[in-house]
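The next block holds one structure in the form of structure tokens; read it before the comments.
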Amino acid sequence: MSGDFLEQMASASRERVARARQACPEQSLMDRARSTSPAPTLRLSTRGFDLIAELKRRSPVLGVLAGEDGDEDASEGVRARVCGYAEAGAAAVSVLTEPSRFDGTLEHLQQSVQALAGRIPAMRKDFLVDPYQVYEARAAGAGGILVILRMLSSSQQRALIEACAELGMFALLEAFDEADLERAAELVEAYTRGRGGRGGGGSIRSSGNAASVLLVGVNCRDLGTLQVVPGRLEALAGRLPAGVPHVAESGVRSAEDAARLALAGYDVALVGGALMQSGDPGALARSLLAAGRAAVRRTCGSRSAG
1318 MSGDFLEQMA SASRERVARA RQACPEQSLM DRARSTSPAP TLRLSTRGFD
1368 LIAELKRRSP VLGVLAGEDG DEDASEGVRA RVCGYAEAGA AAVSVLTEPS
1418 RFDGTLEHLQ QSVQALAGRI PAMRKDFLVD PYQVYEARAA GAGGILVILR
1468 MLSSSQQRAL IEACAELGMF ALLEAFDEAD LERAAELVEA YTRGRGGRGG
1518 GGSIRSSGNA ASVLLVGVNC RDLGTLQVVP GRLEALAGRL PAGVPHVAES
1568 GVRSAEDAAR LALAGYDVAL VGGALMQSGD PGALARSLLA AGRAAVRRTC
1618 GSRSAG
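Under this note's numbering, think of the first position of the sequence shown as 1318, with each following residue one higher.
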């Protein structure tokens, strides 16, 4: 797999934005996004560990995930899966909308939002490069987006976050290494400064508090091979910025993984491939949540005893 994977994805994303703008002028899309009913708020459990469950039809590493009959392409297949995630206790559903490598569409996002019917938010997961795509997500009913820090300039990162804040959405800031996490910490601080009303000095125009709008995650895949790098999540846990939820992305496949990452300090696991490949995704989701929360309880109990 080429080490330029993110660059390729960003280029393709820019082309999609250009085509979309021709089909729907930006002001028209913005008006539609702003008039869309508010998405449900992302609410994390007081029990200390949560799950963002993913709808993903294909993976560049794992191949086709939706089944050979393509049932996930049908509205009913999407409905059954995302409702199963919600019933299992997921805090949100992540929906891949990238078409070329993940077989995703905005229609999958719309179908998911309709199926969830306000129970939990849906997050648009894609290689977003322009606020136009945030407005697309909100117009489709999404409550959040993924922001891949590595592939964006500082101004692009801020523009996506500001669009989220304006629209009442959350943004998951995705990092791959320490440099990305340093940038994430700067963005969290800039958002907090903007909320404080001082303005200027690198602040981000914002509404709400950072913890309600921003999450920071670590993706443990190598960008050259796209394979999971063992130990990366634990190695970077101590560099995650304070004051926002911490998300473990990729490499979570079992209850043991969930417990290990909860002990490392992660508040949320974003899980896609394991759930998509499972014969009983609801049972797997429940086991991940139970294991993560049990680990948190043990940790809290040990601290209290100490």
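Note that beta-carbon positions come from the ideal geometry of N, C-alpha and C, so glycine has one too.
- Task: Have a look at L1433 and I1369 and give me their C-alpha separation to the nearest angstrom.
- Result: About 14 Å.
- S1429: which of R1333, E1483, S1411, M1347 sits nearest, CA to CA? Shortest Cα-Cα distance from S1429 to any of R1333, E1483, S1411, M1347 involves S1411.
- Give the DSSP-derived three-state secondary structure of D1584 in the structure shown. In the structure shown, D1584 sits in coil (DSSP, three-state: anything other than H, G, I, E or B).
- Message: In the DSSP output, what is H1563 paired with across the bridge?
- Response: Answer is V1533.
- Query: Three or more C-beta pairs closer than 8 Å, one from the stretch 1391-1406 and one from the stretch 1589-1607: is that the case here?
  - Reply: Because the criterion of three Cβ pairs below 8 Å is met, the stretch 1391-1406 and the stretch 1589-1607 touch.
- Alpha-carbon spacing of T1542 relative to A1492, whole angstroms: Taking the CA atoms as reference points, T1542 sits about 17 Å from A1492.
- Task: Would you identify the three-state DSSP class for A1408, choosing helix, strand or coil?
- Result: Collapsing the DSSP output to three states places A1408 in coil.
- Query: If P1357 sits next to I1462, beta carbons under 8 Å apart, how far is it from one beta carbon to the other, in whole angstroms?
  - Reply: Rounded, the Cβ-Cβ distance is 15 Å, inconsistent with contact.
- Query: Could you give the residue range of the alpha helix (DSSP H) that holds P1331?
  - Reply: According to the sequence displayed, residue 1331 carries Arg and not Pro. 1322-1340 is the extent of the alpha helix (DSSP H) around R1331.
- Message: Am I right that P1355 and G1511 are in contact with their C-beta atoms under 8 Å? What's the rounded C-beta distance?
- Response: In this structure P1355 does not touch G1511 by the C-beta definition: roughly 21 Å separates them, more than the 8 Å allowed.
- Backbone secondary structure at D1367 - three-state DSSP: In the structure shown, D1367 falls within a strand segment according to DSSP collapsed to helix, strand and coil.
- Query: Does the Cβ-Cβ distance between V1334 and Y1449 come in under 7 Å?
  - Reply: In this structure, Y1449 lies closer than 7 Å to V1334 by Cβ.
- Per-residue DSSP class, three states only, for A1439: DSSP, reduced to helix, strand and coil, places A1439 within a strand of the structure shown.
- Message: Using only CA atoms, which one of V1378, L1498, E1343, V1381 lies nearest to V1533?
- Response: For V1533, the nearest C-alpha among the options comes from L1498.
- Per-residue burial, N1526 [other beta carbons within 10 Å of its own, 16 or more giving buried]: So N1526 counts as exposed.
- Message: Assuming the contact rule is C-beta atoms closer than 8 Å, L1580 and A1612 should be a hit. Round their C-beta distance to whole Å, please.
- Response: Taking a contact as a CB-CB distance under 8 Å, the pair L1580 and A1612 counts as one, their CB atoms being some 5 Å apart.
- Item | Residues that DSSP places opposite F1487 in a beta bridge | When beta bridges are read from the DSSP output, F1487 appears opposite G1461.
- Mind the definition here: the stretch 1540-1556 touches the stretch 1568-1584 only if three or more C-beta pairs lie below 8 Å; say whether that holds. The answer is yes - the stretch 1568-1584 touches the stretch 1540-1556, with three or more Cβ pairs under 8 Å.
- Label Q1339 either buried or exposed according to how many other C-beta atoms from any shown protein chain fall within 10 Å of its C-beta, with 16 as the threshold for buried. Q1339 is exposed by the Cβ-count criterion.
- Using 10 angstroms around the beta-carbon of P1547, count the other beta-carbons present and answer buried if the total reaches 16, otherwise exposed. Exposed, by the Cβ-count rule.
- Message: Please return the same chain residues whose Cβ sits closer than 8 Å to the Cβ of L1323, not counting the five positions on each side in sequence.
- Response: Once the five neighbours on either side are set aside, the close Cβ partners of L1323 are F1444, I1465, R1467, M1468, L1540.
- Message: Here's the rule I'm using: 16 or more other beta-carbon atoms within 10 Å means buried, otherwise exposed. How should D1644 be labelled?
- Response: One cannot answer for residue 1644 here, as it falls past the ends of the chain, which runs 1318 to 1623.
- A1397 versus D1597, S1345, D1494, residue with shortest Cα-Cα distance: When C-alpha distances from A1397 are compared across D1597, S1345, D1494, the shortest belongs to D1597.
- Among V1564, G1590, T1509, S1571, which residue has its Cα nearest to the Cα of Q1544? Comparing Cα-Cα distances from Q1544 to each of V1564, G1590, T1509, S1571, the minimum goes to G1590.
- Task: Could you pull out every residue in the same chain whose Cβ sits closer than 6 Å to the Cβ of E1551, ignoring the five residues on either side in sequence?
- Result: If the five residues before and after E1551 are omitted, its C-beta is found closer than 6 Å to the C-beta atoms of A1581, all from its own chain and listed in chain order.
- Message: Does R1455 pass the burial test, meaning 16 or more other C-beta atoms within 10 Å, or should it be called exposed?
- Response: Buried is the label assigned to R1455, since at least 16 other Cβ atoms lie within 10 Å of its Cβ.
- Message: Could you tell me the alpha carbon to alpha carbon distance between G1365 and T1616, rounded to whole angstroms?
- Response: One C-alpha to the other measures close to 11 Å.
- Query: Which of the three DSSP states, helix, strand or coil, is assigned to S1471?
  - Reply: In the structure shown, S1471 sits in a helix (DSSP, three-state: H, G or I).
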